[in-house]
Every structure is written in C-alpha cells, then in structure tokens.
Amino acid sequence: MLASILLFASAALAAPADWHVKTSPHFEILHESVWSPASVSLEMERMYSSMRLNLAMFAPWMVRERTKIYIYSSQDSYLKGEFTPPRWSKGLAFVAKKTIVVYDTGDMQKLKAVIAHELTHLYFESYFAEKLKYPPQWLNEGLAVYMEESVFPEGGAWSRALAYFPKERRLPFSAFFGVKLDQLQSDSQIADWYLQSYGAVLYLYRPHTRVQFKAFCEALRAGEKTDDALWKNYRAREGMDFGQKWEAWLKKYSSPGSDGMPMGEPSASFNFKPVQLSSFSFTNFGSKK
3 MLASILLFAS AALAAPADWH VKTSPHFEIL HESVWSPASV SLEMERMYSS
53 MRLNLAMFAP WMVRERTKIY IYSSQDSYLK GEFTPPRWSK GLAFVAKKTI
103 VVYDTGDMQK LKAVIAHELT HLYFESYFAE KLKYPPQWLN EGLAVYMEES
153 VFPEGGAWSR ALAYFPKERR LPFSAFFGVK LDQLQSDSQI ADWYLQSYGA
203 VLYLYRPHTR VQFKAFCEAL RAGEKTDDAL WKNYRAREGM DFGQKWEAWL
253 KKYSSPGSDG MPMGEPSASF NFKPVQLSSF SFTNFGSKK
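Sequential numbering from 3 applies to the sequence shown in the numbering used here.
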C-alpha cells in the first residue's frame with residue numbers, strides 16, 4: 003500500500019548535507035543519489051499540470067507554494083532513513099510540512115505513480131485538515147488511485163481491472179462506506195477494497211462534475227453523513243440506491259468498444275502493483291476464485 007501519514011509534528015524536515023537538491027516551479031526535489039532520476043524535474047512539472055486541474059480546488063496553496071519531495075536512492079535506505087516508514091510502504095505524506103517521501107526503484111513510471119499517489123494524499127488531506135478532520139479512508143485512497151491513473155495517458159491496470167471486477171468480490175455499498183482497511187482479513191480483500199474505492203471515486207467524479215464532487219467532499223468535511231452528502235449532491239442514497247446506479251454505470255464502463263476492449267476511461271499505472279501491503283498483486287482480477 004502506498005501509505006499516507008498525517009503528521010502535525012513540529013520538528014523540521016530539513017535535508018541532511020548529503021542530499022542533492024533540484025528546484026522546479028512547484029517542487030523542491032531532494033534526491034539521495036548523486037544522480038537524480040532521469041528528467042525528474044520535468045516529469046514532476048508535467049504531472050503537476052495534470053494534477054492541478056483536479057486538485058487545486060482542494061489545495062489552492064499548491065499553485066503558489068513548493069512541495070518538497072524526498073527521493074531515497076533505494077528501498078533499503080528509505081526504510082533505514084530518518085522518516086522511519088512501515089516496511090510495506092512505498093511512500094509517505096507529511097501534510098503539515100507539505101512534504102512527501104519516496105524511494106527510487108530505477109523505473110520512472112513506477113516512481114511517478116507513487117509520487118502522484120502521495121501528492122494526492124498531501125493535497126486532499128490538507129483540505130480536510132483545515133477543519134481538523136481526516137477524509138473517509140475509501141475516498142482518500144480512491145482519489146489517490148484515480149490520480150495515479152489519470153496522470154498517464156496510455157491507460158493502466160486499475161482501469162482495466164475495474165472493467166473485469168467480479169460482482170461477488172464487491173462489498174455492498176451499505177457496508178462499503180464504513181469499512182476500514184484494518185478490518186479486512188486478507189490481501190485479496192484489501193486489493194478488492196482498493197479497486198472498489200477507485201471505482202466509487204471514478205463514478206462520483208467523471209460521469210458527474212467537479213462541482214458536484216467538491217460539494218460532496220465539502221459536506222463530508224463539514225461533518226455530514228455519507229448518506230446525506232450523497233443525496234444532497236448526487237440524489238443517491240448510501241446503500242442499495244447508490245449500488246444500483248454504480249453497477250449500471252460500471253456495466254456501461256465495462257462494455258467493449260469497437261476494438262473489443264472495455265470502454266472505460268484511459269488511464270495508467272504500473273505492472274498492476276500500484277498498491278501493496280505485503281506481496282499481493284492484482285493479477286487474479288477477472289478470475290472467479
């Protein structure tokens with residue numbers, strides 16, 4: 003799993019002397035290796051342009067302030083570094099310090115996916131933090147996966163998996179909105195939960211409008227129940243009503259186009275392991291196991 007940790011610590015996240023710094027209009031990039039990942043500043047600014055259109059409404063500060071990105075040279079140095087991440091994490095987001103921490107895998111595609119995920123947590127959680135709140139877990143993770151996918155134009159694993167998401171592996175929405183990750187018993191259940199979170203956010207965002215989605219999030223931030231926020235902004239009730247509308251949309255999303263492939267929105271990820279708690283992958287989506 004790509005971890006997002008909301009820390010309001012007072013200690014400064016200053017770069018040690020052996021870190022190398024690159025500055026771009028919207029990022030201060032600190033990399034541990036002597037050589038930074040190829041074209042990292044340019045890649046981050048390209049990604050920023052895409053993310054700004056979707057997330058600036060939650061974090062207007064992202065336009066005028068730089069975000070710090072720490073890139074460790076390897077997973078080993080990341081785990082042994084000053085930020086003490088969990089072993090399963092691929093990245094951390096420190097909201098109060100406008101900082102994310104990741105490690106280089108040698109694959110720019112994977113690195114961009116992790117950074118996009120963590121930046122989304124940073125921007126979105128800062129919006130809820132203004133009211134001393136934390137976003138619902140499904141919404142927070144679903145939006146992060148959505149932005150992972152939307153950063154890349156060539157299409158990705160999450161959107162493909164959603165098109166083949168077996169009905170028997172989905173949670174009823176009457177229960178889904180209240181489920182926490184730590185309540186799930188297996189890697190496969192966690193994978194399904196992430197995919198359903200992504201699917202729920204994709205439905206709330208794309209067939210509808212950004213104005214609706216922002217108003218929905220604003221209602222949740224103000225303390226409204228999910229059922230009330232859904233009804234006010236989408237004219238859907240939390241349980242069976244939302245589930246039926248979502249499944250009708252998913253059926254259309256999954257329908258083959260002229261090329262025989264699902265008609266879902268093009269997006270991207272990497273090798274279908276964008277989220278990892280231990281060692282599970284998503285290669286078994288589409289099976290009936």
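Glycine is no exception: its CB is placed at the ideal position from the N, C-alpha and C atoms.
The three-state secondary structure of residue 252, taken from DSSP, is helix. By the 16-neighbour rule on beta-carbons within 10 angstroms, residue 162 is buried. Distances from the alpha-carbon of residue 51 to those of 213, 251, 232, 152 put 152 closest.
When only Cα atoms are considered, residue 35 and residue 74 end up about 7 Å apart. Taking 9 Å as the cut-off, the Cβ atoms of residue 240 and residue 200 do not count as close. Collapsing the DSSP output to three states places residue 123 in a helix.
Taking the CA atoms as reference points, residue 236 sits about 25 Å from residue 150. Secondary structure in the region 180 to 254: the alpha helix (DSSP H) runs of 4 residues or longer, each lying completely within the stretch, are 189 to 207, 212 to 223, 228 to 236 in chain order. Restricting attention to 214, 248, 80, the CA atom closest to the CA of residue 234 is found in 214. Under the Cβ criterion (8 Å, minimum of three pairs), the region 47 to 64 counts as touching the region 124 to 135. With fewer than three CB-CB distances shorter than 8 Å, the region 217 to 234 does not count as touching the region 188 to 202.
Here residue 116 really is in contact with residue 104; their C-beta atoms are around 5 Å apart, less than 8 Å. According to DSSP, residue 105 shares a beta bridge with 74. Around the beta carbon of residue 42, 16 or more other beta carbons sit within 10 angstroms, so the residue counts as buried. Beta-bridge annotation (DSSP): residue 69 is paired with 29. In this structure, DSSP gives residue 23 an extended state, which the three-state scheme calls strand. Of 77, 220, 206, 193, the smallest CA-CA separation from residue 247 is found for 206. Less than 9 Å divides the Cβ of residue 100 from the Cβ of residue 124.
Exclusion of the five residues before and after residue 27 leaves 47 as the residues of its chain whose Cβ lies within less than 7 Å of its Cβ.
In the three-state reduction of the DSSP assignment, residue 158 falls in the coil class.
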